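First up is the structure itself, then whatever we jot down about it.
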Amino acid sequence: MRQPRGWIALAWLLLPGDADAHDWYTGKKDPVLQYDCCGNKDCHLIDSRAVRETKDGYYVRLPRPAYLNEPQESEWFIPKERAQASLDNHYHICERLMTFYRTIIPHMKFEAYHRFRWTCFFVPKGTS
Numbered sequence: 012m013r014q015p016r017g018w019i020a021l022a023w024l025l026l027p028g029d030a031d032a033h034d035w036y037t038g039k040k041d042p043v044l045q046y047d048c049c050g051n052k053d054c055h056l057i058d059s060r061a062v063r064e065t066k067d068g069y070y071v072r073l074p075r076p077a078y079l080n081e082p083q084e085s086e087w088f089i090p091k092e093r094a095q096a097s098l099d100n101h102y103h104i105c106e107r108l109m110t111f112y113r114t115i116i117p118h119m120k121f122e123a124y125h126r127f128r129w130t131c132f133f134v135p136k137g138t139s
């Protein structure tokens, strides 16, 4: 029995997928290093109380999950030249969980550990 094309098209639109996962972050790059910011999965809104502005940049303090096997940095410093204007007048940050390796026994065994690293930072318009 043939399915009507309309139902197939509707099902295609309703299924979750990566195609629509990126939003206004898509195509954005770090203004200094030119890294891709990515999208919904890496970028998110942050509370303005987590951001402290100084003359040189921003200090951002974000809660970190307890399951990580390495203590996370308590604050990230983001230089002003790497901050970009936000499209919705809120702070946003793009970050990735990255894997690093360290030597346990020199030149014989390595241990993996994970840390978050920020890639892009967006500030409300009018923020200095």
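With positions in the sequence shown counted from 1, the corresponding number in our numbering is that position plus 11.
For each residue, glycine too, the CB sits at the ideal point set by N, CA and C.
For clarity, every value in this text was computed on a predicted model and none was experimentally measured.
Element boundaries [beta strand (DSSP E), containing Thr110] = Unbroken beta strand (DSSP E) run through Thr110: Tyr102 to Ile116.
Would Glu106 be called buried (16 or more neighbouring beta carbons within 10 Å of its own) or exposed?
-> So Glu106 counts as buried.
Paired residues, beta bridge with Lys91 - DSSP = Paired residue(s): none; Lys91 is not in a bridge.
Give the straight-line distance between the Cα atoms of Ile115 and Tyr124, rounded to the nearest whole angstrom.
-> Looking at the two C-alpha atoms, the distance is approximately 12 angstroms.
Pick helix, strand or coil for Arg126, following the three-state DSSP scheme.
-> Strand, per DSSP.
Own chain partners of His168 with C-beta closer than 7 angstroms, once the 5 adjacent residues on each side are dropped | Here the chain comprises residues numbered 12 to 139, so residue 168 is not present and cannot be evaluated.
Which of the three DSSP states, helix, strand or coil, is assigned to Arg72?
-> In the structure shown, Arg72 adopts coil according to DSSP, grouped into three states.
Sequence-distant residues of its chain with Cβ nearer than 6 angstroms to Lys120 (five each side left out) = For Lys120, where only same-chain residues beyond five positions count, there are no Cβ hits under 6 angstroms.
State the CB to CB distance for the pair Glu212 and Val71, rounded to an integer number of angstroms; the pair is presumed to be in contact (CB under 8 angstroms).
-> As displayed, the chain neither begins before 12 nor continues past 139, which places residue 212 out of reach and without an answer.
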